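Right, one structure below, let's go through it.
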Amino acid sequence: MILDFKEIRKEDILVAGGKGANLGEMTSAKINVPNGFVITADAYREFLKENSIEKFIREKIVEVGNDENKLLNIANDFSKAIKSGKFPQKIEELIKQKYLNLGKNVRVAVRSSATMEDLSDASFAGQQETYLNVQGIEEVLNQVRNCYASLWGSRAVSYRFHQGYDQSLVSIAVVIQEMVESEKAGVLFTVNPVSKKENEMQINASYGLGESVVSGRVTADSYIVDKSGKILELNIGSKETQIIYGNKNTIEVAVSDEKRKERVLNDEEIFKLIKSGLEIEKHYGMPMDIEWAIKNGKIYILQARAITTLKNDEDEEKIIREYTKSTKLKGSMCDNMSFLLEKMPFAYRVLDFDFMIAINEQKAKIFAEGGIIFDSNPKIDENGIQTLPDDRKYINKNILHIFKLLKMMKNFEYCSRVCKEFMDRYELELEKVKNLNFESMSLSECKEFMKYSYQLTKNLAYDRFKYALFPTVLASSKYNKIIKRVNKNYTAFDFYWELNNKTAIITNDILKMADEIKKNVELRTAIISGETFQSLCAKFNSFKSMTDEFIKDNGFKSDYNCYCLGAKTFIEDPDRIVNILRPILSTDEKSELDERIKDFNNLMQSIKNIYGKKYKDIEKNIEYFRYFHVVREETQYLWECLFYHVRKCVNRVNKIFLDNENYQIGIANLFYNELIEAMDRGFLNELDKEKIKRRNEKFPIAMKVWDASKLLVFNAKGDILKGVSGSTGSAVGKVCIIRSPKEFYKMQKGDILVCHFTDPEWTPLFKLASAVVADTGATLSHAAIVAREFNIPAVLGVGFATTRFKDGDIIQVDGNKGIVKGC
């Protein structure tokens, strides 16, 4: 049940877990590892039996099957049961004795060591918990229970689910290891993880305990060294804080300005680390990822695991080059793709790809009506790997119709009338869809709905582009000239001020909710501290009432509006609401949008003063211009509503065909026509199953090929990042990189929001930001329009801001010139 490190070897993963097995292996190899012992996986299983939890876990896992959401919900119950459990008396006595053997009231690290961890093909790093600076046997026992519970934390369960590991087979050991009160600590890779050069090592180092480096809380020093000890590259990190011992737990304290500017490691320490790294690499016979600490000049090894990310990297790079080598984009296509990439930031499953194309091909269809033929759709092959479009354009005999088409699009009154008609019609259709019961649908009924929804997607997109978006684009230069007589920095899109579109409605509802929450100190604190939506609703009736109303009005708004299967609405993932609220609640300012500087009525009064008798016609057309933007937002919300129900249908079909609801690794890997054929047939044949298996296996490389393809759109040369001006003005401020809504909490008032893209969910962050910089996007992007509404500069389509900058950097954003540079 309990083993000292010296009793364990690397083969003992099923007993001691990956971490424990490696610590035992290094101890036996005479590597300087701090003393400790392992509470084995057998002890965990005995703990479950003692508390009647084992049967509960086994039965519930079978019951929920392959449904990730249900699995995550029931895993939360597993964690609660474990945290309130008691140790078998014999095991508790053994733990007490082993702890006392380390020394009186000694400080220890209590580390999870799962039996599916630190493997050669998957590290599982950080999926279970570690607790530092633990003192006293009662606290040790409490943290062991917390480690057990963390095996069923959302992060760990989701990781195993997506890696394809059997949840019922997992177990956990716990490492109890004497703490080293290190002066310096960090990580070492025995192969350069970026260049993959085997003769180079990378060392990251900072002051205090190593947790600050491992968790990413500080920007550590980075040393690239060769294996003889020569420093090839040195980057001094900012090292703002360090983690040290507190009275009970660890605490984070500031590092002096002098020490921040110095390099952490001297030459002798680097040499000792290289020597230790080579010794460990030689012992294991493979590249290793090593956590280390230094105290009084002595090197301690805290952990080591295989570097799993090197596997097949060279083969993958070759495949990626083959897919991207022939891609050559010209200026106009680069501009177009810069905008489109805001809508498609990551690779699609093939069924999802077909729904995206159903939307995107409508633009080409409308151009073709006027004789202009071009291809702006990404390509995809039989393996489901997508690349950028061919840049081909030509005209045909329909070019004679172009003038008639343009005349129609410039007739705002006609286009507006068509928009009102089709908006009413589509809203009625969606109301009928909401009443369908997908859980009891037959395969035949599912097939008819899939065909209906696919065609409805096409029709909705066609009408949206032809009668709302295209007229807007055609008229924008005219309205640019009109508005620039008021202010030369304004553009036609400034006519959208105070427009009551769907994005604005959702933002207003969020901000009003935030103002109400600020009146309740306990609720506000709970949200800021990171409590889940489910927990908040259970504790606070007022929060449940507010969010119920919000979801009733806005529930179909999704995180990725151009992904049918890869998106989730507020209904499906209400924690998104909490993510949006957290940064707003962190400021004491009132959230109401009424505080905005820009006033549409004043703007129109200025137009009236300038244009006199012409004003009435201009005013009427500006109202149409504004209405078209409302249609843009509302039609998007309509297809998000439709896509929510498509997911329910696909979920049902996957259940019928594969007896589970995880369609992302199931029928989402069939193209639309392939799926319809299978539904006509009534079953998946062997070819269908082979395609699903192959495309699943290829999806990781598909994501990498798409990421590499996107980089071809942007120019990475020079110190100044060039993009397009989304909103004028300039600002200097601190970078806050937000990669997903889960990181919204990082945003502080006055930060410069740096992101890959934004969509309506991100709008409340604009109230906090002093400027916005996005890798993708153009003048019609969500970020551009909203930045103008909030009167902050925005530069879009810069390509590399999220990799060029890091949190805390000071940058200058020039929205007038469309450039961004470091200060």
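Heads up: the sequence shown begins at 1 in full-length UniProt numbering, then just goes up one per residue.
Quick reminder that beta carbons are idealized off the backbone N, C-alpha and C, glycines included.
Here the structure is a predicted model, which is why all the values come from computation and not from measurement.
Note to self: For Glu281 and Ala21, what's the separation of their Cα atoms in angstroms?
What the structure shows: Here residue 281 corresponds to residue number 281 of the sequence shown, with the count starting at 1. Here residue 21 corresponds to residue number 21 of the sequence shown, with the count starting at 1. When rounded, the distance between both Cα atoms is 16 Å.
Margin query: Rounding to the nearest angstrom, what Cα-Cα distance links Thr219 and Ile580 in this structure?
Written below: Translated into positions along the sequence shown, residue 219 becomes position 219. Translated into positions along the sequence shown, residue 580 becomes position 580. Their backbone Cα atoms lie some 26 Å apart in a straight line.
* Asked: Can the beta-carbon of Ser84 be found less than 8 Å from the beta-carbon of Val175?
  -> Translated into the one-based positions of the sequence shown, residue 84 becomes position 84. Translated into the one-based positions of the sequence shown, residue 175 becomes position 175. Not a contact, by the Cβ cut-off of 8 Å.
Three-state class that DSSP yields for Lys404 in the structure shown:
Here the question's residue 404 lines up with position 404 in the sequence shown. Helix at Lys404.
3-residue-minimum beta strand (DSSP E) runs that sit fully inside the stretch 734-786, ordered along the chain
752-755, 771-774
Q: Assign Asp659 to one of two classes, buried (16 or more other C-beta atoms within 10 Å of its C-beta) or exposed (fewer than that).
A: Within the sequence shown, numbered from 1, the residue matching residue 659 stands at position 659. Under this definition Asp659 is an exposed residue.
message = Comparing C-alpha positions only, which one of Leu768, Gly729, Thr763, Asp751 sits nearest to Ile819?
response = Numbered from its first residue, the sequence shown carries residue 819 at position 819. The candidate whose alpha carbon is nearest that of Ile819 is Gly729.
field: Boundaries of the beta strand (DSSP E) in which Gln167 is found, first to last residue
entry: Here the question's residue 167 lines up with position 167 in the sequence shown. In this chain, Gln167 is not harboured by any beta strand (DSSP E), its DSSP state being neither H nor E.
Checklist entry - Taking contact to mean at least 3 C-beta pairs separated by less than 8 Å, is the stretch 418-435 in contact with the stretch 326-339? => result no
- Message: Per DSSP, what are the beta-bridge partners of Tyr394 in this structure?
- Response: In the sequence shown, residue 394 corresponds to position 394, counting from 1. The secondary-structure analysis by DSSP pairs Tyr394 across a beta bridge with Ile373.
Taking all protein chains shown into account, decide if Leu169 is buried (16 or more other Cβ within 10 angstroms of its Cβ) or exposed.
Position 169 of the sequence shown, counted from the start, is the residue given in the question as residue 169. Counting C-beta atoms within 10 angstroms of its own C-beta, Leu169 has fewer than 16 neighbours from the protein chains shown and is therefore classed as exposed.
Notebook entry, point to check: In the DSSP assignment, what residue or residues form a beta bridge with Arg305?
Noted result: As a working mapping, residue 305 is identified with position 305 in the sequence shown. Per DSSP, Asp289.
Determine the extent of the beta strand (DSSP E) in which Gly36 is found, giving its start and end residues.
-> Numbered from its first residue, the sequence shown carries residue 36 at position 36. Run containing Gly36: 36-39, per the beta strand (DSSP E) assignment.
Handout entry: Range of the contiguous alpha helix (DSSP H) that encloses Arg681
Key = If you number the sequence shown from 1, residue 681 lands on position 681. Element bounds for Arg681: 672-681.
Practice item. Answer yes or no: do Asp375 and Ala358 have a C-beta to C-beta separation smaller than 8 Å? Key: Counted from its first residue, the sequence shown places residue 375 at position 375. Counted from its first residue, the sequence shown places residue 358 at position 358. It is not a contact, given that the beta carbons lie outside the stated cut-off.
Practice task
With a cut-off of 8 Å on the beta carbons, I'd call residue 826 and Tyr637 a contact; round off their distance for me.
Solution key: The chain is shown only over 1 to 823; residue 826 falls outside these bounds and no answer can be derived.
Measuring from the CB of Glu268, is there a heavy atom of the ligand MN at a distance below 7 Å? Of ligands this structure carries none, so the ligand MN is not represented either.
Please name the residue in Ala702, Ile618, Val813 whose C-alpha comes closest to that of Phe412.
In the sequence shown, residue 412 corresponds to position 412, counting from 1. Nearest of Ala702, Ile618, Val813 to Phe412, Cα basis: Ile618.
Report buried or exposed for Ser781, applying the criterion of at least 16 other Cβ atoms within 10 angstroms of its Cβ. As a first step, residue 781 is located in the sequence shown; it is residue number 781 there, counting from the start. Counting Cβ neighbours within 10 Å, Ser781 comes out buried, since at least 16 surround it.
Check whether the stretch 390-399 touches the stretch 600-616, counting contact only when three or more Cβ pairs, one atom from each stretch, lie closer than 8 Å.
-> no
Cys724 and Leu753 look like a contact to me (Cβ under 8 Å); what is the Cβ gap, rounded to whole Å? For the purposes of this step, residue 724 is taken as the residue at position 724 of the sequence shown. For the purposes of this step, residue 753 is taken as the residue at position 753 of the sequence shown. Here residue 724 turns out to be Val, not Cys, going by the sequence shown. That pair is no contact at about 17 Å.
**Asked** Per DSSP, Lys295 forms a beta bridge with which residues?
**Response** As a working note, residue 295 is residue 295 in the sequence shown. Beta-bridge partners assigned by DSSP to Lys295: Lys298.
Open item on the list: Which residue marks the beginning of the alpha helix (DSSP H) containing Ser709, and which one marks its end?
Closed with: Walking along the sequence shown from the start, residue 709 turns up at place 709. It spans 686-711 - the alpha helix (DSSP H) in which Ser709 sits, taken as one unbroken run.
Using only the alpha-carbon positions, how far apart do Thr525 and Arg632 sit?
Indexing the sequence shown from 1 puts residue 525 at position 525. Indexing the sequence shown from 1 puts residue 632 at position 632. The alpha-carbon atoms of Thr525 and Arg632 are separated by roughly 37 Å.
Open item on the list: List, from N- to C-terminal side, the alpha helix (DSSP H) runs of 4 residues or more that fit wholly inside the stretch 32-86.
Closed with: DSSP runs (the alpha helix (DSSP H)) wholly in the stretch 32-86: 41-50, 54-64, 68-83.
Check your understanding: Taking the Cβ atom as the reference point for each residue, do Gly208 and Ala173 lie within a distance shorter than 8 Å?
Key -> The residue you call residue 208 lines up with position 208 of the sequence shown. The residue you call residue 173 lines up with position 173 of the sequence shown. Taking 8 Å as the cut-off, the beta carbon of Gly208 is found no closer than this to the beta carbon of Ala173.
| request: With DSSP collapsed to three states, give me the class of Asn105. | output: Position 105 of the sequence shown, counted from the first residue, corresponds to residue 105. Asn105 falls in the coil class under three-state DSSP.
For Glu178, three-class secondary structure by DSSP: Counting from 1 along the sequence shown, the entry for residue 178 is found at position 178. Three-state result, Glu178: strand.
Exercise. Can you check the stretch 532-557 for any alpha helix (DSSP H) of at least 4 residues that lies completely inside it and give the ranges in chain order?
Key: Whole alpha helix (DSSP H) segments, 4+ residues: 533-539, 541-554.
Excluding the five sequence neighbours on either side, which residues of its own chain have a C-beta within less than 6 Å of the C-beta of Val33, listed in chain order?
Working through the sequence shown from its first residue, we reach residue 33 at position 33. Correct list, in chain order: Leu23, Met26, Thr27, Ile301.
How should Ser212 be labelled, buried or exposed, when 16 other C-beta atoms within 10 angstroms of its C-beta is the threshold for buried?
Here residue 212 corresponds to residue number 212 of the sequence shown, with the count starting at 1. By the neighbour-count criterion, in which a residue is buried when 16 or more other Cβ atoms sit within 10 angstroms of its Cβ, Ser212 is buried.
*Rounded separation between Gln167 and Arg160 - CA only*: Reading the sequence shown from its first residue, position 167 is the one you call residue 167. Reading the sequence shown from its first residue, position 160 is the one you call residue 160. So the two alpha carbons sit approximately 7 Å from each other.
Under 8 Å between the Cβ atoms of Phe271 and Gly210?
As a first step, residue 271 must be located in the sequence shown, where it is residue number 271. As a first step, residue 210 must be located in the sequence shown, where it is residue number 210. No.
Check your understanding: Helix, strand or coil: how does DSSP classify Ser206 here?
Key -> Stepping through the sequence shown from its first residue, residue 206 is reached at position 206. Reduced to three states, the DSSP call for Ser206 is strand.
8 Å Cβ cutoff met for Val15 and Ala43 = If you number the sequence shown from 1, residue 15 lands on position 15. If you number the sequence shown from 1, residue 43 lands on position 43. Not closer than 8 Å, so no.
Helix, strand or coil, according to DSSP, for Ser195 in the structure here? By 1-based counting over the sequence shown, the position of residue 195 is 195. Ser195 falls in the coil class under three-state DSSP.
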